[in-house]
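Chemist:
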Amino acid sequence: MGGILISIVQQREYILKQEEDSGGTFLHQTCLQCDRSENLALHLLGESTALSYGALDAASLTFALHLQAAGIGKGTRIAVLAGVSAEFVVALLAVSRCGAAFSPVDTSLRGISLSSLMERLRPDAVITTKAYVQRVFDVLGEGFSVFVFSGRRFCAQEAGLWGDWRQGAECRQWRLPFTLPDRAFASPLPPESMPDDDLLLMPTSGSTGEQKFVRLSHRALLFNTRAHVASFGIVGPFKALQILEVSYSYGLIASVLGVLVAGGSLVIPAHNTARSVREAIETARPEICLGSPALFDYLIDNCSEKERVVFRHLRKIGIGGDRCRAPLREKISAAFPEAEVFVTYGVTEAGPRVSTLPAGQLLLRPDSVGLPLEGIAVEVVDTEGKPCPPGKEGVLRVRTPSRMNGYLFDDTPLEPDGWITLGDLASLDEAGYLTIHGRRDRQIKHRGRRINLAQIEKVLESLAGVVLAKVEVDNGMDRLRAVVFHRAGESSDFERQLVVHCRRNLPPRLVPEEITLRSADGMYFFKGRPLSLSGSQRAFGEK
Numbered sequence: 001m002g003g004i005l006i007s008i009v010q011q012r013e014y015i016l017k018q019e020e021d022s023g024g025t026f027l028h029q030t031c032l033q034c035d036r037s038e039n040l041a042l043h044l045l046g047e048s049t050a051l052s053y054g055a056l057d058a059a060s061l062t063f064a065l066h067l068q069a070a071g072i073g074k075g076t077r078i079a080v081l082a083g084v085s086a087e088f089v090v091a092l093l094a095v096s097r098c099g100a101a102f103s104p105v106d107t108s109l110r111g112i113s114l115s116s117l118m119e120r121l122r123p124d125a126v127i128t129t130k131a132y133v134q135r136v137f138d139v140l141g142e143g144f145s146v147f148v149f150s151g152r153r154f155c156a157q158e159a160g161l162w163g164d165w166r167q168g169a170e171c172r173q174w175r176l177p178f179t180l181p182d183r184a185f186a187s188p189l190p191p192e193s194m195p196d197d198d199l200l201l202m203p204t205s206g207s208t209g210e211q212k213f214v215r216l217s218h219r220a221l222l223f224n225t226r227a228h229v230a231s232f233g234i235v236g237p238f239k240a241l242q243i244l245e246v247s248y249s250y251g252l253i254a255s256v257l258g259v260l261v262a263g264g265s266l267v268i269p270a271h272n273t274a275r276s277v278r279e280a281i282e283t284a285r286p287e288i289c290l291g292s293p294a295l296f297d298y299l300i301d302n303c304s305e306k307e308r309v310v311f312r313h314l315r316k317i318g319i320g321g322d323r324c325r326a327p328l329r330e331k332i333s334a335a336f337p338e339a340e341v342f343v344t345y346g347v348t349e350a351g352p353r354v355s356t357l358p359a360g361q362l363l364l365r366p367d368s369v370g371l372p373l374e375g376i377a378v379e380v381v382d383t384e385g386k387p388c389p390p391g392k393e394g395v396l397r398v399r400t401p402s403r404m405n406g407y408l409f410d411d412t413p414l415e416p417d418g419w420i421t422l423g424d425l426a427s428l429d430e431a432g433y434l435t436i437h438g439r440r441d442r443q444i445k446h447r448g449r450r451i452n453l454a455q456i457e458k459v460l461e462s463l464a465g466v467v468l469a470k471v472e473v474d475n476g477m478d479r480l481r482a483v484v485f486h487r488a489g490e491s492s493d494f495e496r497q498l499v500v501h502c503r504r505n506l507p508p509r510l511v512p513e514e515i516t517l518r519s520a521d522g523m524y525f526f527k528g529r530p531l532s533l534s535g536s537q538r539a540f541g542e543k
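Numbering-wise, the sequence shown is residues 1 to 543 according to full-length UniProt numbering.
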């Protein structure tokens, strides 16, 4: 029946029967189980609206048919440029139903940083909203296939979403879930789709500063989200506060997908300000919240002692995405005295969650990121690949059912024994608790996000007149510092030009707070590149 046109009624029956027969081994099937249809899935504080799983089911099914009518199916790649919202969740579930692969795009990207990501992803189509559509066209051109969410109306727990599909001069309108495309095909989920097919293409910084995309399957995501939720001891219906961005693995997989796979409810604040977060907690009473150390630090610092009373509604706190040092652990523990506080560790290539530190160990093991999740094995090896004794630092290796399928457009085979060797330096104590000591390459964690300093240097060096850029983190001030070597004769406002260039082509968090200019005169070059970085190294030591 795969290629036969059928009626709307037959089509819906066929789709639902096929999804039931496959045993719930795909992401959308697990999230949209029939017995959840009336349960709350999204609580959108900005719209004062609650959407059920049934509403998401209807909207994502219809959107999947629109996507399929435009040629989206198994083997295609979809970039989604939208913040966490009903539109984002509907798009993710619809892409899963089509058998395609989904890549979330950081909404702060622009200019060179956005075009570079798109060039490496090579998407077959883009899903976005009115707020970002012009940015997409500026980078890709108007001949590209773009689905634009342009309107919404929520009532009676129905997700009324509409927009248009644009490709060159062609523009077709659509509405969810009230209309179906003119040409209706058989099931959006192609019969040849398998649980090990790519579903998520997660952007991450490579060791060279070039964007990479980690390929994660339906099976990997389902295993990892379930293991992560289980490590928190979550049982029964729950509500979780969504304050993390969805363009990186901790915010999307651990938080959004973890909640939807478990059948919980996502509480989405109107804004990510301290005030909006407090209002969301007070109004919706979520019990769980995942966040980065920097995010929790921000919330505590921007709430008075009286305002922090609302935090008592949170029963479980998850800290991840960056190292949480002992002083901040103590600060968080004091601000959330009634909550169980867990520390988690993960890396995108592993699916991403690897370990969780039990709540009772938060202050007792101030440097640890916990024990491996159930079903995951870890080991620390020396330079010869031999296991390190307890307490000795070495290279971390992980074996997990949620291991990536590989990197996009990279045929390098994975390790045949099921392990994955990571770039993190780590140690294990005698009880099996894991501690992370840093990374072997230039990737770092800065303000809760993994970044690659080479990415910033690449943008700086793209400005005419720049010979070499060197970026490092001033750990004492928690800020980015750049030393830029330029050709002689540049204007007196060259520093201002650099700042403007960075703001146009980088997310705000990656714009260096301090730029030091150095003349390139006297440096030795080979094919236009300097032979030594010693000048920039000395510059960082200067006061």
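In this text, a Cβ means the ideal position worked out from N, Cα and C, and glycines have one as well.
Looking at Glu192: is its Cβ nearer than 8 Å to the Cβ of Lys74?
Modeler: Against a cut-off of 8 Å, the Cβ pair of Lys74 and Glu192 comes out as a contact.
Chemist: For Pro352 and Ser249, what's the separation of their Cα atoms in angstroms?
Modeler: Near 7 Å, if we compare the C-alpha coordinates of Ser249 and Pro352.
Chemist: Among Gly360, Arg481 and Ala230, which residue has its Cα nearest to the Cα of Glu374?
Modeler: Closest option to Glu374, Cα to Cα, is Ala230.
Chemist: Count the other CB atoms, across all protein chains shown, that sit within 10 Å of the CB of Glu513; report buried if there are 16 or more and exposed otherwise.
Modeler: Counting Cβ neighbours within 10 Å, Glu513 comes out exposed, since fewer than 16 surround it.
Chemist: Kindly indicate which three-state DSSP category Asp478 falls into: helix, strand or coil?
Modeler: Of the three classes helix, strand and coil, the one that applies to Asp478 here is coil, per DSSP.
Chemist: Short of 8 Å in beta carbon distance, which residues of its chain neighbour Cys324, apart from the five on each side in sequence? Order them along the chain.
Modeler: For Cys324, where only same-chain residues beyond five positions count, the Cβ hits under 8 Å are Pro293, Ile332 and Val343.
Chemist: In this structure, how does DSSP classify Pro387 when only helix, strand and coil are distinguished?
Modeler: Three-state result, Pro387: strand.
Chemist: Given Thr107, which residues of its chain have a CB within under 6 Å of its CB, disregarding the five upstream and five downstream residues?
Modeler: For Thr107, where only same-chain residues beyond five positions count, the Cβ hits under 6 Å are Gly83.
Chemist: Using only the alpha-carbon positions, how far apart do Arg496 and Phe63 sit?
Modeler: One C-alpha to the other measures close to 45 Å.
Chemist: Please report the distance separating the alpha-carbon of Lys445 from that of Asp493.
Modeler: Lys445 and Asp493: Cα-Cα distance of roughly 31 Å.
Chemist: Measuring alpha carbon to alpha carbon, tell me which residue in Gly111, Trp165 and Glu87 is nearest Leu463.
Modeler: Out of Gly111, Trp165 and Glu87, Gly111 has the C-alpha closest to the C-alpha of Leu463.
Chemist: Nearest by alpha-carbon distance to Arg219: which of Val484, Asn405, Ala334 and Glu490 is it?
Modeler: The candidate whose alpha carbon is nearest that of Arg219 is Asn405.
Chemist: Are the CB atoms of Leu428 and residue 544 within a distance shorter than 8 Å?
Modeler: Any answer about residue 544 is impossible in this case: the structure gives the chain only from 1 up to 543.
Chemist: Can you tell me the Cα-Cα spacing of Ile78 and Leu200, whole angstroms?
Modeler: Rounded to the nearest angstrom, the two C-alpha atoms are 10 Å apart.
Chemist: Is it buried or exposed for Gln134, if we count other Cβ within 10 angstroms and need 16 for buried?
Modeler: Counting Cβ neighbours within 10 Å, Gln134 comes out exposed, since fewer than 16 surround it.
Chemist: Here's a check: name, in chain order, each residue in its chain whose Cβ is nearer than 6 Å to the Cβ of Gly465, leaving out the five neighbours to either side.
Modeler: Cβ within range, chain order: His486, Arg487 and Glu490.
Chemist: Can you give me the Cβ contacts of Phe137 inside the same chain, cut-off strictly under 8 Å, excluding the 5 residues immediately before and after it?
Modeler: Phe144 and Val146, listed in sequence order.
Chemist: Using three-state DSSP, classify Gly83 as helix, strand or coil.
Modeler: It is coil, neither helix nor strand.
Chemist: Go through the stretch 261 to 329 residue by residue and report every complete run of the alpha helix (DSSP H) that reaches 4 residues or more, in order.
Modeler: DSSP runs (the alpha helix (DSSP H)) wholly in the stretch 261 to 329: 274 to 284 and 293 to 301.
Chemist: Relative to the C-alpha of Leu93, which candidate in Gly71, Leu114, Met118 and Ala59 has its C-alpha closest?
Modeler: It is Ala59 whose Cα lies nearest to the Cα of Leu93.
Chemist: Alpha carbons only, please: which of Ser304, Ile234, Leu161 and Phe409 is nearest the one belonging to Leu61?
Modeler: Comparing Cα positions, the closest option is Leu161.
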